[in-house]
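Colleague:
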Amino acid sequence: MGHLYIGLDASTQSLSAVVIDPESGETVYRDSVGYDRTLPAYGTVNGVLQSSDPQIAHAPPLMWVEALDVLFERMRAGIDPGAVACICGSGQQHGSVYLNASATEALCELSPSRSLADNLGGIFSRPTSPIWMDSSTGEECAEIMDALGGMRATAEATGSRAFERFTGPQIRKFYKTDPENYRKTQRIDLVSSFMASVIAGQPVPVDHGDGAGMNLMDIRTGQWHSDALNATAPGLKRRLPPLAPSDTSTGRVSRYFVEKYGLNPEARAMVWSGDNPNSIIGLGLVNAGMTGISLGTSDTYFGFMKECRTDPDGEGHVFGAPTGDYMSLIVFQNGSLAREKVRDRYGLGWSGFSRALEQTPAGNNGKIMLPYFSPEIVPRVCEPGVRRFDLDENDVAGNCRAVVEAQMMAMRIHSQWMGRRPSGIYATGGASENEAILRIMADVHGCPVYRFEVTNSAALGAALRAWHGHLKSTGRDPDWEKIVARFAEPVPGSKLEPDPAASAIYENLVEKYRRCERDVAGTGQAGKSVSP
Ligand code: ADP
Ligand code: XUL
């Protein structure tokens, strides 16, 4: 057996590990510690503390730390800990951890005779961490964008307009509502840099990938953006960790993990990143133009970019990619749930829905649906409502095709700011097993689509980064394409080529869709809605 590489993923509901052995090309270990069930004393539901205000979503950072002990204790029985060469990780993006003056010493002197929770229980200046599901900072977003010259200027500077869940607006709210504890805060970490600090046994940098999800980093230079810092809270710069490229090693792992869990004392650790940047690696998207589309509860579109471009409409995000390049992330709320609404409205199962797609022509004879079954993020539609153009509500097959074509055309239109059409798409998520949907995807985007089966692409991406980082630290210049090729491959034989005749039809239909969307979405409301 060769060296082992651990990829961790501190996500909303669980802490997971994927361990790879590049020599054999195998994933040798997988495990996941669910917070609610394994650590019930923290009282979380789906990893989140209950709140009477639905806009507030916090989690206890000590719970994530305690989960590390549980995970390593279990992992020691499943792998040879002495063979681990490097550890890297992923954190849920945007969440922030507030540390007091005792944190650095506690991290540097972790005692293996006590638990991590015991070692670190006293280091927080704020016992809970606002996480990405928190949407309580609308006022702070407006204030920050005002100070930075508006939405477009904020996106241009930091990679995204100010979003409620992003770290800067969350820090501003903490400063405004609890100035006393803000004053006592010596360091503000992301979930990723906090967990990486525990593994390293010392404070470590925030990487450029996750740093981009804060509304605080200059997206082009990878430095803290001084106007954004000033717009957020006083004295912020000295409270933030340094920023660093994603392939930065943080040195050897903490002795805590060596003495307690038998890790090799030579084992290295890396800066962590956000789950979306790591997923880019876990999905093997390391070439310009390669795009991932996840058809899950929502649909998400994420593209790998060589050059930094930002969305002037503020709909999409730009993060750093762990390769040192960039990635986009665009979230469409009306994904699987919209497809299910149509399926159920006409009493179909997925096979009936797929048959309807197969029996209808590309372009649907010009019939169009705007599928805002629930409020939409992209384009911004606050009041839900479904609108049909040249489409009869009783046309069963026409409605099935219309919802899928609408979703694919919206992705095409709202990713245009990236400056290039995808050269290939890796499709993931529950609905990617539906070939009829993937055919429409290939035809609308005019490029091949491959199906990708992944379990935890963020943890796998982190493990691949650990391997890459270890090779780099031993003086080699590893090629990302070779790194991902062994572990992040599409399902063999799943390639779907676009049909040129169908693609030509969509060139026109996209323009019609754009006009229909402008009519409705431009107002922020779906207007007269026809209930599904
Ligand atoms: P999540 O965002 O929760 O991770 P998943 O990626 O697991 O979601 O996707 C779940 C969704 O996949 C379900 O909501 C369902 O609508 C959809 N789905 C499952 N099978 C099919 C199918 N054959 N055709 C279309 N959609 C499907
Ligand atoms: C991305 C986002 C989520 C979290 C989930 O902007 O908020 O995808 O990263 O962990």
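Each residue of the sequence shown is one higher than the one before, starting from 0 at the first, in numbering that gives the first Met the number 0. We put the beta carbon where it would ideally sit given N, CA and C, even for glycine.
Thinking just about the alpha-carbon of each residue, which of Leu-235, Asp-324, Ala-16, Ile-367 is nearest to the one in Gly-221?
Modeller: Locating residue 221 in the sequence shown gives position 222, where the first residue counts as 1. Nearest option by C-alpha distance: Asp-324.
Colleague: Applying the criterion that 16 or more other CB atoms from any shown protein chain within 10 Å of the CB defines a buried residue, is Val-17 buried or exposed?
Modeller: In the sequence shown, counting from the first residue as 1, residue 17 sits at position 18. Per the 10 Å Cβ criterion, buried.
Colleague: Can you tell me the Cα-Cα spacing of Ser-23 and Asn-263, whole angstroms?
Modeller: Position 24 of the sequence shown, counted from the start, is the residue given in the question as residue 23. Position 264 of the sequence shown, counted from the start, is the residue given in the question as residue 263. Between Ser-23 and Asn-263, the C-alpha separation is close to 20 Å.
Colleague: Return the chain-ordered ranges of every alpha helix (DSSP H) run that is complete within the region 132-216 and spans a minimum of 4 residues.
Modeller: 137-147, 150-157, 166-176, 178-183, 190-199, 207-210
Colleague: Within this structure, are the beta carbons of Gly-428 and Gly-295 separated by less than 7 Å?
Modeller: In the sequence shown, the residue the question calls residue 428 occupies position 429. In the sequence shown, the residue the question calls residue 295 occupies position 296. Taking 7 Å as the Cβ cut-off, Gly-428 and Gly-295 qualify as a contacting pair.
Colleague: One question on the structure: do Gly-208 and Gly-319 come within less than 7 Å of each other, judged by their Cβ atoms?
Modeller: Counting from one through the sequence shown, the residue named residue 208 turns up at place 209. Counting from one through the sequence shown, the residue named residue 319 turns up at place 320. In contact: Gly-208 and Gly-319 (Cβ atoms closer than 7 Å).
Colleague: For Gly-523, which residues of its own chain have a beta-carbon under 7 Å away from its beta-carbon, when the five flanking residues on both sides are left out?
Modeller: For the purposes of this step, residue 523 is taken as the residue at position 524 of the sequence shown. Residue confidence for Gly-523 is low, a pLDDT of 48 falling below 50, so the modelled location carries little weight; the figure read from the coordinates is stated next. Hits under 7 Å: Arg-379, Val-380, Cys-381.
Colleague: What is the residue span of the beta strand (DSSP E) that Cys-87 lies within?
Modeller: On the sequence shown, position 88 is the one that residue 87 refers to. Segment 83-90, the beta strand (DSSP E) holding Cys-87.
Colleague: Between which two residues does the alpha helix (DSSP H) carrying Thr-103 extend?
Modeller: By one-based count along the sequence shown, residue 103 stands at place 104. Taken as a continuous stretch (DSSP letters only), the alpha helix (DSSP H) holding Thr-103 covers 102-107.
Colleague: Indicate the three-state DSSP secondary structure (helix, strand or coil) for Val-27 in the structure shown.
Modeller: For the purposes of this step, residue 27 is identified with residue 28 of the sequence shown, where counting begins at 1. In the structure shown, Val-27 sits in a strand (DSSP, three-state: E or B).
Colleague: What are the boundary residues of the alpha helix (DSSP H) that includes Pro-276?
Modeller: On the sequence shown, position 277 is the one that residue 276 refers to. For Pro-276, the enclosing alpha helix (DSSP H) starts and ends at 274-281.
Colleague: I'd like the span of the beta strand (DSSP E) that includes Arg-411, first residue to last.
Modeller: For the purposes of this step, residue 411 is identified with residue 412 of the sequence shown, where counting begins at 1. Careful: Arg-411 lies outside any beta strand (DSSP E), inside the alpha helix (DSSP H) at 395-413.
Colleague: Keeping to the same chain, check which residues put their C-beta closer than 6 Å to that of Ile-292; ignore five residues upstream and five downstream.
Modeller: Position 293 of the sequence shown holds residue 292. Closer than 6 Å at Cβ, skipping near neighbours: Tyr-300, Ile-424, Ala-426.
Colleague: Which same chain residues, not among the five before or five after Glu-72, have their C-beta less than 8 Å away from its C-beta?
Modeller: For this step, residue 72 is matched to residue 73 along the sequence shown. Taken in chain order, the residues that qualify are Tyr-260.
Colleague: Would you call the region 304-313 and the region 348-368 in contact, with 3 or more CB pairs under 8 Å?
Modeller: No, they do not touch.
Colleague: Does the separation of the CB atoms of Leu-447 and Lys-494 fall below 7 Å?
Modeller: Counting from one through the sequence shown, the residue named residue 447 turns up at place 448. Counting from one through the sequence shown, the residue named residue 494 turns up at place 495. In the sequence under discussion, the amino acid at residue 447 is Pro, which differs from the Leu named in the question. Yes.
Colleague: Label Ala-487 either buried or exposed according to how many other C-beta atoms from any shown protein chain fall within 10 Å of its C-beta, with 16 as the threshold for buried.
Modeller: Counting from one through the sequence shown, the residue named residue 487 turns up at place 488. Looking at its Cβ environment, which holds 16 or more other Cβ atoms inside 10 Å, Ala-487 is buried.
Colleague: Please classify Ala-161 as buried or exposed, where buried requires at least 16 neighbouring CB atoms within 10 angstroms.
Modeller: Taking the sequence shown and counting its residues from 1, the one referred to as residue 161 is at position 162. Answer is buried; the Cβ neighbour count reaches 16.
Colleague: Quick check on the DSSP output: the alpha helix (DSSP H) that includes Gly-460 runs from which residue to which?
Modeller: Within the sequence shown, numbered from 1, the residue matching residue 460 stands at position 461. Unbroken alpha helix (DSSP H) run through Gly-460: 456-472.
Colleague: Which residues in the same chain as Ser-297 place their Cβ atom closer than 7 Å to its Cβ, once the five residues preceding and following it in sequence are excluded?
Modeller: The sequence position of residue 297 within the sequence shown is 298, counting from 1. Excluding the 5 residues flanking it on each side, Ser-297 has same chain C-beta neighbours closer than 7 Å at Val-330, Phe-331, Gln-332, Gly-334, in chain order.
Colleague: Measuring straight from C-alpha to C-alpha, what distance separates Ala-232 and Ser-110?
Modeller: Counted from its first residue, the sequence shown places residue 232 at position 233. Counted from its first residue, the sequence shown places residue 110 at position 111. Taking the straight line joining both Cα atoms gives about 35 Å.
Colleague: Taking the beta carbon of Cys-85 as the centre, do at least 16 other beta carbons fall within 10 Å, making it buried, or is it exposed?
Modeller: By 1-based counting over the sequence shown, the position of residue 85 is 86. Its Cβ being crowded by 16 or more others within 10 Å, Cys-85 is buried.
Colleague: Comparing alpha-carbon positions, which option in Gly-121, Arg-113, Gly-94, Gly-90 lies nearest Thr-103?
Modeller: Position 104 of the sequence shown holds residue 103. Per the Cα distances, Gly-121.
Colleague: Could you tell me how far apart the beta carbons of Leu-282 and Val-453 are, in whole angstroms, since I believe they sit closer than 8 Å?
Modeller: Within the sequence shown, numbered from 1, the residue matching residue 282 stands at position 283. Within the sequence shown, numbered from 1, the residue matching residue 453 stands at position 454. Between Val-453 and Leu-282 the Cβ distance is about 6 Å, and since that is below 8 Å, they are a contact.
Colleague: Can you tell me the Cβ-Cβ gap for Ala-195 and Thr-249, rounded? I've got them flagged as a contact below 8 Å.
Modeller: Indexing the sequence shown from 1 puts residue 195 at position 196. Indexing the sequence shown from 1 puts residue 249 at position 250. Here Ala-195 really is in contact with Thr-249; their C-beta atoms are around 6 Å apart, less than 8 Å.
Colleague: Of the residues Ser-124, Arg-29, Met-144, which one's Cα is nearest the Cα of Tyr-174?
Modeller: As a position in the sequence shown, residue 174 is number 175, starting the count at 1. Looking at the Cα atoms, Ser-124 is the closest of the given residues.
Colleague: Grab the span of the alpha helix (DSSP H) containing His-444 for me, first residue to last.
Modeller: Walking along the sequence shown from the start, residue 444 turns up at place 445. Its alpha helix (DSSP H) spans residues 434-444.
Colleague: Between the beta-carbon of Val-402 and the beta-carbon of Val-341, is there less than 7 Å?
Modeller: Translated into the one-based positions of the sequence shown, residue 402 becomes position 403. Translated into the one-based positions of the sequence shown, residue 341 becomes position 342. Here Val-402 is near Val-341, since their CB atoms are less than 7 Å apart.
Colleague: Please work out which residues of its chain come closer than 8 Å, Cβ to Cβ, to Pro-531, disregarding the five sequence neighbours upstream and downstream, and give them in chain order.
Modeller: Within the sequence shown, the letter at position 532 stands for residue 531. Low confidence applies here, because Pro-531 scores a pLDDT of 40, under 50, leaving its location unreliable; read the following figure in that light. So the qualifying residues of the chain are Lys-340, Val-341, Arg-344, Phe-372, Val-385.
Colleague: In three-state terms, what does DSSP make of Leu-235?
Modeller: Residue 235 sits at position 236 when you count from the first residue of the sequence shown. Of the three classes helix, strand and coil, the one that applies to Leu-235 here is coil, per DSSP.
Colleague: Just to confirm before moving on: does the CB-CB distance between Ser-548 and Ser-10 stay below 7 Å?
Modeller: Missing from the structure shown is residue 548; the chain here goes from 0 to 531 and no further.
Colleague: Hey, how far is the Cα of Leu-356 from the Cα of Lys-366?
Modeller: Counting from one through the sequence shown, the residue named residue 356 turns up at place 357. Counting from one through the sequence shown, the residue named residue 366 turns up at place 367. Going by the C-alpha atoms only, they are around 13 Å apart.
Colleague: Taking only beta-carbon atoms, is Val-483 less than 7 Å away from chain D?
Modeller: Protein chain content of the structure displayed is limited to a single chain, and chain D is not contained in it.
Colleague: Can you check whether the CB of Ala-462 is closer than 7 Å to the CB of Tyr-541?
Modeller: Here the chain has residues from 0 to 531 only, and residue 541 is not among them.
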